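Numbering (the numbering used here), first residue to last: 539 to 678. This report refers to the structure that appears directly beneath it.
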């Protein structure tokens, strides 16, 4: 059984989210200055999409709050139900690796099919993680 080490992949995902957040503002503020966009002119997502050219980091940042929510919850469930096994830890690190690669693709060259493939594979890891936890919970 693994203890608090199960939270290391969670910390890695938090770090990834922070890095993408920094990237977002590193790109966004200079672009707004260069294009002379007043902050109020991009107050809604529709306005941002219409006015801003480079939304890769912003799109990725939003994506880091979708499926990863299930990942975070799975690790908490694994810890609380004493299912933090090497398999669960391996799946957790597999998901993190996939999300790092997904973020690198989306924040750089952004080839949709490359990004989509990594997204599907990493999301399948979360479904497998939840299946492992569900079986463990059913076995009680």
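Glycine is no exception: its CB is placed at the ideal position from the N, C-alpha and C atoms. Computed from a prediction, not measured in an experiment: that's the story for all the values here.
Residue of the options minimising C-alpha distance to residue i
{"i": "residue 654", "options": "666, 557, 665, 641", "result": "641"}
{"i": "residue 631", "options": "650, 644, 649, 661", "result": "661"}
{"i": "residue 613", "options": "586, 668, 598", "result": "668"}
{"i": "residue 608", "options": "595, 671, 540, 541", "result": "671"}
{"i": "residue 579", "options": "572, 589, 636", "result": "589"}
{"i": "residue 647", "options": "594, 603, 664", "result": "594"}
{"i": "residue 619", "options": "639, 552, 678", "result": "678"}
{"i": "residue 566", "options": "637, 602, 645, 629", "result": "645"}
{"i": "residue 591", "options": "603, 601, 570", "result": "570"}
Residue i (DSSP reduced to helix, strand or coil)
{"i": "residue 575", "result": "coil"}
{"i": "residue 541", "result": "coil"}
{"i": "residue 602", "result": "coil"}
Residue i - containing alpha helix (DSSP H), residue span
{"i": "residue 661", "result": "650-677"}
{"i": "residue 627", "result": "624-645"}
{"i": "residue 591", "result": "Note, residue 591: premise wrong, no alpha helix (DSSP H); not H, not E."}
{"i": "residue 580", "result": "First-last for residue 580: undefined, no H or E at that position."}
{"i": "residue 611", "result": "605-618"}
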